[in-house]
Each structure stands twice: as C-alpha cells, then as structure tokens.
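The listed protein sequences correspond, in order, to chains A and B.
All the letters of the first sequence, read from the start, carry residue numbers 1 to 135 under my numbering.
All the letters of the second sequence, read from the start, carry residue numbers 1001 to 1175 under my numbering.
Ideal Cβ positions, reconstructed from N, Cα and C, are used throughout, including at glycine.
All remarks here apply to the structure that follows.
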Amino acid sequence: TVGAVALDRQGDLAAATSTGGFNNKPAGRVGDTPIVGAGTYARNGVCAVSCTGQGEVFMRRVAAYDVAARMSYGGQTLRQATDTLVFDVMSGHKIGAGLIAIDAFGQVCAPFNTLGMARGWIGTDGVLNVATHKD
Amino acid sequence: MSLPAIAIHGGCGTLAANLQSEADWAQTRAHLEAALRAGWKILTAGGSALDAVEAAVVVLEDSPHFNAGHGAALTEQSVHELDASIMDGATLAAGGVCTVRAIRNPIRAARAVMDQSDCVLLSGDAADAFARSKGLPTVANGYFTTERRVQALASLKARAARGTIGLASEAERHG
C-alpha cells in the first residue's frame, strides 16, 4: 500500500491511498484503502490520514476517521490520536499497522507497530526526510 | 496562508533483510524521495494539496518496490485487483475505485471519480470502463506483475498445499 497526505498554502488538506491488497487475496476482496474514513480521510482544520495494514481491521475501526474524531471530538493532538490508534487499538488486536497523518498546522506523524514502514515527509521547515526502518 | 507540508508511505511490514538487496533498498528510498519531490513541487508552486497527493502516489504506483500499481500483490487467481481513493479536506469530496484490473494509475481513476462523476466509489470492470472513458491510460494486467510478487504467490500457495499456511510470515503475506 502507498499513500500521501498534504497541507497546501491555502490551508487545505488532502489524502490519497493506493494498493494491490495482499498476497494470495481472494478475488473480489476490497480492503480499507478505497473506503472513505477507513483507509483514507481528510478534513480541513483537523487532519488528513492514509493508512496501511490489515484492511479488514481498519474498516471495522473506521480507522482514518477515528484519528480525526479523536482530535475534533476528544481534543487530542495529532500525535496522541495517531499513537492511540496504532499502538493501543491496532496493537491490541495484534494487527500490523501504520499510517501517515498531517494536521492543519503541517505537523506530520507516521507511527507504525511493525518492524518498518517505508515513509518520507517534507515538513513546514522544507527539509526532506526518508526512512524505511524503525530508526 | 499556511506553510506547506507533505508526507508519504510505501506500506508497513517486516522489512526482512533477505527480501531485498542493498541496491533494492537504495532504489526504494530514491523512489520515496522522488514521490515527495513530485508533491512538493506542486505545493511550493502554490498548487493544491489534492494535486500534490495525487502526484506523489502516481510516482509510488509506478515503482516496482511498493504494493500498488506496478509491483502490486497478486490475488489467489494470479491477477492484480487494485484499490485507490482520494479525499479533499476542503470540501469532503472523495473518489475511489476498487478491484480494477486495467487502469495504469488507479489513483488517477479515483480522482476522476471524484471530479467527473456523481459517485464516491466505482468497482471492477465498470470502474475500468469509466476511467477509460475519461481518457486515462490502460494497460494489460501483466503490466503490474513483478518477479518478486510471482515468487511470493508461489511460496504461499506451496504453503497452502503443505497445510502450513497458518505459519506464513507477515513478509510472505504482505511483503
């Protein structure tokens, strides 16, 4: 699975996700990626989110929207919301999961509970960062 | 006015050292950087976040190192069925496609669904036909296939035949 989230100069947020699913998946299976609110979500003033992991669990948890709800209803920061989802909710289900998210101020979070996640970001400081493993 | 920012991912997993060579890892990181730069170029020119995320994902779909587009996983029937979606935070407009087999860049099809239809999600042959009708490039399904995915599917099917599929590693299932 691949994905991107961004904040532009107008203050608008957007999210996109694309995937091939998983190896040997049943024909016709649809995961969380194309389901708005499950694998992908964006709402101005709150956050934009793109998820990766076992799709069925993200669908049941409406995961991407869950991050936004934790922020807008619960008052959590982006880091609190994304860490709770990945390290408490998903890890509690023993599900390998990761996501990228960006808030209305351009803060980026990229938590994952697997050994690695291919990821990268250019923050509001304009510095490019790319990583694959935990460090 | 906001300072722009962008983030991307290429999937999470085990990243077992024996799955890729150092050269493969280097190319993986290079493609991540290229995706970031594609989006960043749009953002710094005053373009929209929506255009930026689409451009970044297209680069990742075209890379053989990620499970999307060229390089996607195979189904049990040894074909590719791809899913994608995009969402505009400014309007809550969204578009998606699922189980498409022919659109070269599914994220572009998702964008077309959002911009040029009354739907949010189109599936299968109808989604492929819709994207084709909007002038998006199509390819034979084999375009998406890489040797690594062929081997991964063969390995998992061999496990199934031996009755040991429950022991399959995360890397075997998801790459």
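Given that a residue counts as buried once 16 or more other Cβ atoms are within 10 Å of its Cβ, and exposed if not, what is residue 1054 of chain B? Answer is buried; the Cβ neighbour count reaches 16.
Contacting residues, own chain, Cβ-Cβ under 6 Å from residue 1078 of chain B (five flanking each side not counted): Once the five neighbours on either side are set aside, residue 1078 of chain B has no close Cβ partner at all.
Could you name the residues of chain B that residue 119 of chain A contacts, counting a contact when the two beta carbons are closer than 8 Å? What residue 119 of chain A touches in chain B: 1007, 1008, 1009, 1010 and 1032.
Assuming contact is defined by CB atoms lying nearer than 8 Å, are residue 46 of chain A and residue 4 of chain A in contact in what I supplied? No, the pair does not count as a contact, with Cβ atoms beyond the cut-off.
Could you tell me whether the Cβ of residue 77 of chain A comes closer than 8 Å to any Cβ of chain B? With a threshold of 8 Å between beta carbons, residue 77 of chain A makes no contact with chain B.
Since residue 1075 of chain B sits in a beta bridge, which residues does DSSP pair it with? Answer by DSSP bridge pairing, in chain order: A:25.
Straight-line Cα distance separating residue 48 of chain A from residue 77 of chain A: Taking the straight line from one Cα to the other gives about 13 Å.
Which runs of the beta strand (DSSP E) spanning at least 3 residues fall entirely within the segment 1048–1106 of chain B, listed in chain order? 1082–1088 and 1094–1100, all fully within the segment 1048–1106 of chain B.
Within the continuous alpha helix (DSSP H) that includes residue 1133 of chain B, where are the two ends? Segment 1124–1133, the alpha helix (DSSP H) holding residue 1133 of chain B.
Just grab the DSSP bridge partners of residue 50 of chain A for me. Within the DSSP bridge table, the entry for residue 50 of chain A names A:40 and A:100 as partners.
Chain A contacts made by the segment 1096–1113 of chain B, where a contact means CB separation under 9 Å: Per Cβ criterion, the list reads 1096, 1097, 1098, 1099, 1105, 1106, 1107, 1110 and 1111.
Can you find a C-beta in chain A that's less than 8 Å from the C-beta of residue 1064 of chain B? By the rule that beta-carbons nearer than 8 Å mark a contact, residue 1064 of chain B does not touch chain A.
Spatial distance of residue 2 of chain A from residue 92 of chain A (CA atoms): The straight-line gap separating the alpha-carbon atoms of residue 2 of chain A and residue 92 of chain A is approximately 24 Å.
Since residue 1029 of chain B meets chain A, which of its residues come closer than 7 Å, beta carbon to beta carbon? Within chain A, the C-beta atoms nearer than 7 Å to that of residue 1029 of chain B come from 130 and 132, in chain order.
Compare the C-beta of residue 1075 of chain B against all C-beta atoms of chain A and say whether one is closer than 8 Å. Yes, residue 1075 of chain B lies at the interface with chain A (some Cβ there is under 8 Å from its Cβ).
Contact set for residue 84 of chain A: own chain, Cβ-Cβ below 8 Å, skip 5 residues either direction: Cβ neighbours of residue 84 of chain A beyond the five flanking positions: 70 and 76.
Kindly identify the DSSP beta-bridge partner or partners of residue 121 of chain A. Within the DSSP bridge table, the entry for residue 121 of chain A names A:129 and B:1007 as partners.
Expressed to the nearest angstrom, what Euclidean distance is found between the alpha-carbon atoms of residue 16 of chain A and residue 52 of chain A? In this structure, the straight-line span from the alpha carbon of residue 16 of chain A to that of residue 52 of chain A is close to 12 Å.
Report the partner residues of residue 1163 of chain B according to the DSSP bridge assignment. Answer is none; residue 1163 of chain B lacks a bridge partner.
Per DSSP, residue 3 of chain A is paired with what? Residue 3 of chain A pairs with A:17 and B:1009.
What's the call for residue 41 of chain A, buried or exposed, on a 16-neighbour Cβ count within 10 Å? Classification for residue 41 of chain A: buried.
Please name the residue in B:1163, B:1129, B:1103 and B:1115 whose C-alpha comes closest to that of residue 1091 of chain B. Per the Cα distances, B:1115.
Is there a Cβ from chain B that is less than 8 Å from the Cβ of residue 84 of chain A? Not an interface residue.
Supposed close pair residue 1031 of chain B, residue 119 of chain A - CB separation, criterion 8 Å: With a Cβ gap of about 12 Å, residue 1031 of chain B and residue 119 of chain A do not count as contacting.
Please state the DSSP three-state secondary structure of residue 108 of chain A. Here DSSP, grouped into helix, strand and coil, assigns residue 108 of chain A to strand.
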